[in-house]
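*Asks:* From first to last, the protein sequence lines stand for chains A and B. Under my numbering, think of the first position of the first sequence as 1, with each following residue one higher. Under my numbering, think of the first position of the second sequence as 305, with each following residue one higher. The beta-carbon is built from N, C-alpha and C at its ideal position, and this holds for glycine as well.
There are 2 protein chains.
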Amino acid sequence: MIKTEFTSYIRSLQNEICTAFEEIDGKSVFREDYWERDGGGGGLTRLIEKGPVFEKGGVNTSTVFGELPDPIRQHFNVKEGWFWAGGISLVVHPVNPMVPTVHANFRYFELYEDAEMKKIKDGWFGGGADLTPYYLWDEDAHHFHTVLKNACDRHGKELYPAYKKQCDDYFRNRHRDEARGIGGLFFDYLRADDQRSLQDWQAFTQDTGSLFLDAYLPIVKKRMDEPYNPTQKQWQEIRRGRYVEFNLIHDRGTLFGLKTNGRIESILMSLPPTVRWDYDVQPESGSREANLIDVLKNPRDWVE
Amino acid sequence: MIKTEFTSYIRSLQNEICTAFEEIDGKSVFREDYWERDGGGGGLTRLIEKGPVFEKGGVNTSTVFGELPDPIRQHFNVKEGWFWAGGISLVVHPVNPMVPTVHANFRYFELYEDAEMKKIKDGWFGGGADLTPYYLWDEDAHHFHTVLKNACDRHGKELYPAYKKQCDDYFRNRHRDEARGIGGLFFDYLRADDQRSLQDWQAFTQDTGSLFLDAYLPIVKKRMDEPYNPTQKQWQEIRRGRYVEFNLIHDRGTLFGLKTNGRIESILMSLPPTVRWDYDVQPESGSREANLIDVLKNPRDWVE
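What follows is the structure in structure tokens.
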């Protein structure tokens, strides 16, 4: 059964990712909160804080089920229904402004006609991964996108271009006309169709998830010892403000969680630890900061 | 004409408030940005930053007019229309966590049938003021509410209780089931009716605006030299995170500004300068921090 398999997949991925992050941080360890959801299911929140490498990071898994909450019923325009949703979701905010923030999420959703969850009406996968640098090395963006493209290519050459574009379109602070970061992949509603079964999409989603560490860790290792000064730390905190703006104003997942009475501390764990809003910051023309803004305003192709 | 009078009122109130804030800060002065709006009108943004008393504060006035933007047409369910809107809006974030943050806003809106803005279809006042302490002295909350109540009482005994309640209802982080602060006044759509003319509401709005400094400044003076430690500063920054959450998730004014392509830096000037999101912060039972949360969860009556 897909949901049993996927549940065991996300749990083992959570372990693998947390172990790798603890190893690289070398000092802080993840604390764990198990929570239950009124109405069915629960989650395992894991949080690392105040490490030498990771200032704050959360790696969550949850499997929730039951009657469709009001906002979802409205969204799908159905009178009644039951669901199961399982996923892993992570955001990591490094200390060093030379190390990018990363976000990834892999999820499966099933809809049922009956409360016993036996008559499956629909099922789909969704997810993705995206990178938010504060100082940009083109080679890092190239590496991140190349790993994700390779994951996609195994399942179809058309996938990477499509999901890369969806990522650029989705993670956009439209009120500032700039992207949140340099993108990655974003996919949703991957259903069985003429070309692929649901199991094919499961394999695609799990492959992408399993390559996440390959995409991100080499960048952390390469940049975690880069020197930086207080002004560069301040730039990181200002840019983290843009991250907050995206998550609270535009992110469907966050707003959905808040509307459906999710566990607030797990939903807002994605927010950065320290943030600044300075008035009307304009980086000097030709600076690394100005270069970043330019790239965020005009998303690039990072892989040939 | 109301709009001419109100424009000159908000400009002189802006001057008065900025002068008073500069005097009390003693060091920083307001910088000024004049901006114009595509489609008609503009504003005068004034910002004070990094002072010994005020870490960040903005006092804006704007008068904008023209064709109704799409989101407003949808909101009022009209096919076409023209408008004029003038207002003053301010938010001040003090350095010292013992000094509360304050927000106030006073505005007038007119709707027309014609592009020449001669046939007035509707007009109303709105506004209010509210206080967000990080450490609470009951006497400060009492003082703030008493001044606002006195402003209201001159115009009708029923006004304060109604607008105090609307303030508690509006400035609420529903996703956390707590108020943003200890409230104040919130009123909107004050139109001519059987009991009061539009000029009566103008007098009420302007009276409230003119008493703003009486409500807030004595609290600043009383608390600005209170000692505080880094843990208390950290608590202020965590609570400022809740302020950001309210403004970006719930505040109609902010979201409206973002949707109608307002000037981003002026709209988001209300965001605090430095902010923290720590995971699952739970103040110790019986502490001043726990007392604040208790008051925010259960809004009180501050005036007999």
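#1: Given that P576(B) touches chain A, what residues does it touch there, using C-beta distances under 7 Å?
#2: Does the beta carbon of I548(B) come closer than 9 Å to any beta carbon on chain A?
#3: With DSSP run on the structure shown, which of helix, strand or coil describes S210(A)?
#4: At the level of alpha carbons, what is the spacing between D177(A) and D497(B)?
#5: If we require 4 or more residues per run, which alpha helix (DSSP H) segments fall completely within the stretch 427-472 of chain B?
#6: Output needed for R37(A): all residues of its chain with C-beta closer than 7 Å, excluding positions within five of it in sequence on either side, in chain order.
#7: Taking T564(B) as part of the alpha helix (DSSP H), name the residues at either end of that continuous run.
#8: Just checking my contact of P272(A) with H103(A) at CB under 8 Å: how many whole Å lie between their CB atoms?
#9: Taking the C-alpha atoms as reference points, what is the distance between V399(B) and M528(B)?
#10: Across which residues does DSSP place L494(B) in a beta bridge pair?
#11: When Cβ atoms are compared, which residues of the stretch 151-176 of chain A fall closer than 8 Å to chain B?
#12: With H, G and I counted as helix, E and B as strand and the rest as coil, what does DSSP make of W277(A)?
#13: So the beta strand (DSSP E) A408(B) belongs to, where does it begin and stop?
#14: At least one CB of chain A closer than 9 Å to the CB of G362(B): is that the case?
#15: By the criterion of Cβ-Cβ separation under 7 Å, what are the contact partners of L148(A) in chain B?
#16: Looking only at DSSP bridge pairs, what is F508(B) linked to?
#17: Out of curiosity, what's the CA-to-CA distance linking E247(B) and D374(B)?
#18: Is the stretch 475-491 of chain B close to the stretch 386-396 of chain B, with three or more CB pairs under 8 Å?
#19: Could you work out which residues of chain A lie near I553(B), taking near to mean beta carbons separated by less than 9 Å?
#20: In or out: R546(B) buried (at least 16 other Cβ within 10 Å) or exposed?
#21: Going by DSSP, name the residue or residues bridged to K360(B).
#22: Here's the rule: buried if 16 or more other CB atoms are within 10 angstroms of the residue's CB, otherwise exposed. What is A445(B)?
#23: State yes or no: is the beta carbon of D584(B) nearer than 9 Å to at least one beta carbon in chain A?
#24: What did DSSP end up calling E116(A) once you bin it into helix, strand or coil?
#25: Considering only their Cβ atoms, is the gap separating W302(A) from G144(A) smaller than 9 Å?
#26: Distance, Cα to Cα, F246(A) vs R180(A)?
#27: Tell me where the alpha helix (DSSP H) around W235(A) begins and ends.
#28: With a threshold of 9 Å between beta carbons, is I293(A) in contact with chain B?
#29: How about F106(A) and V59(A): are their beta carbons less than 9 Å apart?
#30: Return yes when the Cβ of S570(B) is within less than 9 Å of the Cβ of S366(B), no when it is not.
#31: Taking Cβ-Cβ distances shorter than 8 Å, what residues in chain B pair up with I264(A)?
#32: My output table needs one value for R73(A): the three-state DSSP class, helix, strand or coil.
#33: Run through chain A and tell me which residues come within less than 7 Å of E326(B), C-beta to C-beta.
#34: Tell me, please, whether the CB atom of L351(B) is closer than 9 Å to any CB atom in chain A?
#35: Residues of chain A with a CB under 8 Å from the CB of L435(B): which are they?
#36: In this structure, does DSSP put N602(B) in helix, strand or coil?
*Replies:* According to the data block:
#1: Locating residue 576(B) in the second sequence gives position 272, counting from the first residue. Simply W277.
#2: Here residue 548(B) is taken as the residue at index 244 of the second sequence, counted from 1. Just to set this straight, residue 548(B) is Val in the shown sequence, not Ile. It does: the Cβ of V548(B) has a partner Cβ on chain A nearer than 9 Å.
#3: Mapped onto the first sequence, residue 210(A) falls at position 210. The answer is helix: DSSP assigns S210(A) an H, G or I state.
#4: Locating residue 177(A) in the first sequence gives position 177, counting from the first residue. Locating residue 497(B) in the second sequence gives position 193, counting from the first residue. Cα-Cα distance, rounded: 43 Å.
#5: 442-457
#6: Sequence index remark: in the first sequence, residue 37(A) carries index 37 (1-based). Once the five neighbours on either side are set aside, the close Cβ partners of R37(A) are V64.
#7: For this step, residue 564(B) is matched to residue 260 along the second sequence. Taken as a continuous stretch (DSSP letters only), T564(B) belongs to no alpha helix (DSSP H), as it is neither H nor E.
#8: On the first sequence, position 272 is the one that residue 272(A) refers to. On the first sequence, position 103 is the one that residue 103(A) refers to. With 8 Å as the limit, P272(A) and H103(A) do not qualify as a contact, their Cβ atoms being about 11 Å apart.
#9: Here the question's residue 399(B) lines up with position 95 in the second sequence. Here the question's residue 528(B) lines up with position 224 in the second sequence. So the alpha carbons of these two residues sit roughly 9 Å apart.
#10: Here residue 494(B) refers to the residue found at position 190 when the second sequence is read from its first residue. Answer is F429(B), bridged to L494(B).
#11: H175 and R176
#12: If you number the first sequence from 1, residue 277(A) lands on position 277. W277(A) falls in the coil class under three-state DSSP.
#13: Counted from its first residue, the second sequence places residue 408(B) at position 104. T405 to Y416 is the extent of the beta strand (DSSP E) around A408(B).
#14: As a position in the second sequence, residue 362(B) is number 58, starting the count at 1. Interface residue, yes.
#15: Position 148 of the first sequence, counted from the first residue, corresponds to residue 148(A). Going along chain B, no residue has its Cβ under 7 Å from L148(A), so there is no contact; the nearest lies around 28 Å.
#16: Translated into positions along the second sequence, residue 508(B) becomes position 204. F508(B) is not bridged to any residue.
#17: Lying outside 305 to 608, the shown extent of chain B, residue 247(B) is not represented and no answer is given.
#18: By the Cβ rule, the stretch 475-491 of chain B does not count as touching the stretch 386-396 of chain B, because fewer than three pairs are nearer than 8 Å.
#19: Numbered from its first residue, the second sequence carries residue 553(B) at position 249. Going along chain A in sequence order, the residues near I553(B) (Cβ under 9 Å) are L248, I249, T254, L255 and L258.
#20: Reading the second sequence from its first residue, position 242 is the one you call residue 546(B). Classification for R546(B): buried.
#21: As a working note, residue 360(B) is residue 56 in the second sequence. DSSP, once it has assigned bridges, lists E353(B) and H397(B) as partnering K360(B).
#22: Locating residue 445(B) in the second sequence gives position 141, where the first residue counts as 1. Result: buried.
#23: As a position in the second sequence, residue 584(B) is number 280, starting the count at 1. Closer than 9 Å to some Cβ of chain A, the Cβ of D584(B) qualifies, so yes.
#24: Position 116 of the first sequence holds residue 116(A). It is coil, neither helix nor strand.
#25: Translated into the one-based positions of the first sequence, residue 144(A) becomes position 144. Translated into the one-based positions of the first sequence, residue 302(A) becomes position 302. Per the sequence presented here, residue 144(A) reads as Phe, with Gly not at that position. Contact: yes.
#26: As a first step, residue 246(A) must be located in the first sequence, where it is residue number 246. As a first step, residue 180(A) must be located in the first sequence, where it is residue number 180. Going by the C-alpha atoms only, they are around 7 Å apart.
#27: Counted from its first residue, the first sequence places residue 235(A) at position 235. Start and end: P230 to E245.
#28: On the first sequence, residue 293(A) is found 293 positions in, with the first residue counted as 1. Output row for I293(A): interface = no.
#29: By one-based count along the first sequence, residue 106(A) stands at place 106. By one-based count along the first sequence, residue 59(A) stands at place 59. Contact flag unset, no.
#30: Residue numbering aside, residue 366(B) sits at position 62 when the second sequence is read from its first letter. Residue numbering aside, residue 570(B) sits at position 266 when the second sequence is read from its first letter. Against a cut-off of 9 Å, the Cβ pair of S570(B) and S366(B) comes out as a contact.
#31: In the first sequence, residue 264(A) corresponds to position 264, counting from 1. Those are H479 and R480, listed as they occur along chain B.
#32: Translated into positions along the first sequence, residue 73(A) becomes position 73. Residue state, collapsed to three classes: helix.
#33: For the purposes of this step, residue 326(B) is taken as residue 22 along the second sequence, with counting starting at 1. The premise fails here: E326(B) is roughly 16 Å from chain A at the closest Cβ pair, so nothing lies under 7 Å.
#34: The sequence position of residue 351(B) within the second sequence is 47, counting from 1. So yes, L351(B) belongs to the interface.
#35: For the purposes of this step, residue 435(B) is identified with residue 131 of the second sequence, where counting begins at 1. Within 8 Å Cβ-Cβ: nothing; L435(B) doesn't reach chain A, min ~20 Å.
#36: The sequence position of residue 602(B) within the second sequence is 298, counting from 1. Correct three-state label for N602(B): coil.
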